[in-house]
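As they're listed, the protein sequences go chains A and B. Quick note on the working numbering: the first sequence kicks off at 436 and runs consecutively. Quick note on the working numbering: the second sequence kicks off at 1168 and runs consecutively. Quick reminder that beta carbons are idealized off the backbone N, C-alpha and C, glycines included. The structure under discussion appears below in the form of structure tokens.
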Amino acid sequence: MSDILASFALAVRLIAGADRELRRIVSLSLEVSLAAALMACAIGLPLGAWIAVHRFRGRRVAIVFLNALLGLPSVVVGLLVYLLLSRAGPLGSLGILFTPTAIVLAQTLLVLPMVAALCRQMVEDGWGEYREQLTSLGVSPARAVPTLLVDLRFSLLTVVLLGFGRAASEVGAVMVVGGNIDGVTRVMTTAITLETTKGDLPLALALGIVLILVVLAVNALAYALREWSARRHG
Amino acid sequence: MAEAMLPLDARGLGIRFGDVQALRDVDLAIEAGRRIAVLGANGSGKSVLLRTLHGLLVPTTGTITFAGRAERPRSQAMVFQRPVMLRRTALANVEYALGINGTAPADREQLARRAIARVGLSHIARRQARALSGGEQQRIALARAWALEPALLFLDEPTSSLDPAAAGEVERIVQEIHAAGTTVVMTTHNLGLARRFADEIFFLDAGRLTEVTPAERFFSAPASREAALFLAGELP
Chain A
436 MSDILASFAL AVRLIAGADR ELRRIVSLSL EVSLAAALMA CAIGLPLGAW IAVHRFRGRR
496 VAIVFLNALL GLPSVVVGLL VYLLLSRAGP LGSLGILFTP TAIVLAQTLL VLPMVAALCR
556 QMVEDGWGEY REQLTSLGVS PARAVPTLLV DLRFSLLTVV LLGFGRAASE VGAVMVVGGN
616 IDGVTRVMTT AITLETTKGD LPLALALGIV LILVVLAVNA LAYALREWSA RRHG
Chain B
1168 MAEAMLPLDA RGLGIRFGDV QALRDVDLAI EAGRRIAVLG ANGSGKSVLL RTLHGLLVPT
1228 TGTITFAGRA ERPRSQAMVF QRPVMLRRTA LANVEYALGI NGTAPADREQ LARRAIARVG
1288 LSHIARRQAR ALSGGEQQRI ALARAWALEP ALLFLDEPTS SLDPAAAGEV ERIVQEIHAA
1348 GTTVVMTTHN LGLARRFADE IFFLDAGRLT EVTPAERFFS APASREAALF LAGELP
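What follows is the structure, given as structure tokens:
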């Protein structure tokens, strides 16, 4: 028990002293996670909204498939990206395996189904409310997509933030495609795994605390935004 | 504008939802300049008729023509019992409708401001539309429709969820929209409003249009037993 408390105290000191290694790992984590969340949203939000308002053959299958992707094991995504980017793979010539770019790609693929599925559900609910009014004004389903995305922006911002949180807390795929290389691809989650196995609990704990704080902050921000939007827009 | 859209002619109009025949064999004509109230008991098909004429529902049978042509002109608008406002200002809501209608960006604000002024709400043009009261939202919805200068305006129970003061204001605006040259077709349960407003009545009974008659005659001597019962308050 005293070991844990001592490790915890050391972890707090690392955070308070803005330890250089800690800062480097946290900053890389935030960068790749933000990039992945933005890329996933750039594709997932329009895709989800498009599926929500259009009626096409195979739509139900597409929705079931999209929802099923939510449960995709992250190491499997990591493995697929690894196969794509490995030297013998179709994108091997890019030479980006074990780089932050590979991490961003894997995180994007993991976050994309979540963003698209949540967006589809939100926009479909919104479309149920808006459809008659917008159709009456002469708005086509294609034109309704940007209108709904703009009008539901505060709810959808929650999706963006949740996507970021999901990317930041990812470990399996990031380990496979990033390789956890010190100073290059070591992010918070992979560093926690490594430091724990090495027995360096203070650094692992410090990173764990930062990660929890990041996830908490993201969720608090999402909640606050939704509350503010409800008060302002009704 | 009215020349391109009206008269609207519906022939043999029918619409079916599963086992329910919501409209059957409806023949009607809407001439330019009319003020028509669509009356009938709950579930008689009033809202379905309006939505079908406006193009929101596709009829199972029958045809609708506009000044003899099958293509639906854009010169029509509809205001619903509970209007849906976009999460933006009242002014931006009207500008949005103008944008969809093809109005040049440079003209939208001025036209939107004029429409909002006509419904007496210039002082709240910059307020968030969803934060407005029900009556104010309905007036903004009327401004949004009026800004498009429609030849034909459909109103689905426009006053039924409003208090008497707000309902009176909406009625005044609808009269002004008509006076400005728009043909108005309105469903309502408010017989007082129908009496004051309409010059023609469409009476629906179980999806059939059983009376098309001048308002004065309808209220003094309804032709059908169902209409008489409805006026006596004996139909829901």
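Three-state class that DSSP yields for residue i in the structure shown
| i | result |
| --- | --- |
| GLN1243 of chain B | strand |
| GLY561 of chain A | helix |
| LEU584 of chain A | helix |
| THR1145 of chain B | Absent from the model: residue 1145 of chain B. The displayed extent of chain B is 1168 to 1403, so no value can be given. |
| ASP1323 of chain B | strand |
| GLY452 of chain A | coil |
| ALA523 of chain A | coil |
| GLY573 of chain A | coil |
| LEU1329 of chain B | coil |
| ALA1276 of chain B | Residue identity check: residue 1276 of chain B is Glu in the sequence provided, not Ala. Reduced to three states, the DSSP call for GLU1276 of chain B is helix. |
| PHE533 of chain A | coil |
| PRO508 of chain A | coil |
| GLU1401 of chain B | coil |
| GLN568 of chain A | helix |
| ILE616 of chain A | coil |
| MET1168 of chain B | For MET1168 of chain B, the pLDDT reaches just 47, beneath the cut-off of 50, and the residue's location in the model is therefore unreliable, leaving the point undetermined. |
| ARG1249 of chain B | coil |
| LEU603 of chain A | Residue 603 of chain A is actually Ala in this sequence, not Leu. Here ALA603 of chain A sits in helix by DSSP. |
| PRO1389 of chain B | coil |
| ALA1318 of chain B | coil |
| GLY513 of chain A | helix |
| GLY479 of chain A | helix |
| THR593 of chain A | helix |
| THR1270 of chain B | coil |
Within chain A, the residues that residue i reaches when beta carbons sit closer than 7 Å
| i | result |
| --- | --- |
| ARG1254 of chain B | ASP586 and HIS668 |
Residue i: first and last residue of the uninterrupted beta strand (DSSP E) it sits in
| i | result |
| --- | --- |
| GLN1188 of chain B | 1187-1197 |
| LEU1180 of chain B | 1175-1184 |
| GLU1378 of chain B | 1375-1381 |
Identified DSSP bridge partners for residue i
| i | result |
| --- | --- |
| PRO1202 of chain B | The amino acid occupying residue 1202 of chain B in the given sequence is Arg; Pro does not appear at that position. According to DSSP, which records beta bridges pairwise, ARG1202 of chain B is partnered with B:VAL1351. |
| ILE486 of chain A | Note: ILE486 of chain A sits in no beta bridge, so no partner. |
| PHE1233 of chain B | B:LEU1175 and B:ARG1236 |
| GLU1336 of chain B | Answer by DSSP bridge pairing: none, since GLU1336 of chain B is not bridged. |
| ILE1344 of chain B | ILE1344 of chain B pairs with nothing; no bridge assigned. |
| GLY1207 of chain B | B:LEU1371 |
| THR1256 of chain B | B:GLN1295 |
| THR1228 of chain B | B:GLY1181 |
Opening and closing residue of the alpha helix (DSSP H) in which residue i lies
| i | result |
| --- | --- |
| ILE627 of chain A | 623-633 |
| HIS1356 of chain B | Neither: HIS1356 of chain B is in no alpha helix (DSSP H) and is coded neither H nor E. |
| ILE644 of chain A | 636-668 |
| PHE500 of chain A | 494-504 |
| VAL612 of chain A | 607-613 |
| GLY1287 of chain B | Run containing GLY1287 of chain B: none; DSSP gives neither H nor E here. |
| PHE1397 of chain B | 1392-1398 |
| GLN1305 of chain B | 1301-1314 |
Contact set between residue i and chain B, taken where Cβ atoms lie within less than 7 Å
| i | result |
| --- | --- |
| SER572 of chain A | The residue asked about is misnamed: residue 572 of chain A is Leu in this sequence, not Ser. Here the neighbours are ALA1264 and ILE1267. |
Within chain B, partners of residue i - CB distance below 8 Å
| i | result |
| --- | --- |
| GLU564 of chain A | VAL1251 |
Contact list for residue i against chain B, beta-carbon separation under 9 Å
| i | result |
| --- | --- |
| GLU567 of chain A | ARG1218, LEU1223, MET1245, PHE1247 and VAL1251 |
Partners in chain A for residue i, counting only beta-carbon separations shorter than 8 Å
| i | result |
| --- | --- |
| ARG1241 of chain B | GLY573 |
Quiz item: Is the region 1192-1207 of chain B touching the region 539-557 of chain A in the sense that three or more CB pairs, one from each, lie closer than 8 Å?
Solution: no
Self-check item: Touch test, the region 1275-1282 of chain B against the region 576-591 of chain A, Cβ-Cβ under 8 Å, three pairs minimum
Solution: no
Quiz item: With contact counted as at least three CB pairs below 8 Å, one residue from each stretch, are the region 619-639 of chain A and the region 462-469 of chain A in contact?
Solution: yes
Self-check item: contact_flag[the region 1212-1227 of chain B, the region 1352-1359 of chain B] where n(CB pairs < 8 Å) is 3 or more
Solution: yes
Exercise. Would you check if there are 3 or more beta carbon pairs closer than 8 Å linking the region 629-647 of chain A to the region 436-450 of chain A?
Key: yes
Practice problem: Flag this pair as touching only if the region 497-508 of chain A and the region 565-585 of chain A have three or more C-beta atom pairs under 8 Å; answer yes or no. | Solution: no
Exercise. Evaluate contact between the region 548-556 of chain A and the region 1232-1242 of chain B, counting only Cβ atoms and requiring at least three cross-stretch pairs below 8 Å.
Key: no
Quiz item: Is the region 1201-1212 of chain B close to the region 1364-1375 of chain B, with three or more CB pairs under 8 Å?
Solution: yes
Practice problem: Say whether the region 478-493 of chain A touches the region 579-586 of chain A, bearing in mind that this needs 3 or more beta-carbon pairs closer than 8 Å, one atom from each stretch. | Solution: yes
Quiz item: Pairing CB atoms from the region 1337-1348 of chain B with CB atoms from the region 1256-1275 of chain B, are three or more of them under 8 Å?
Solution: no
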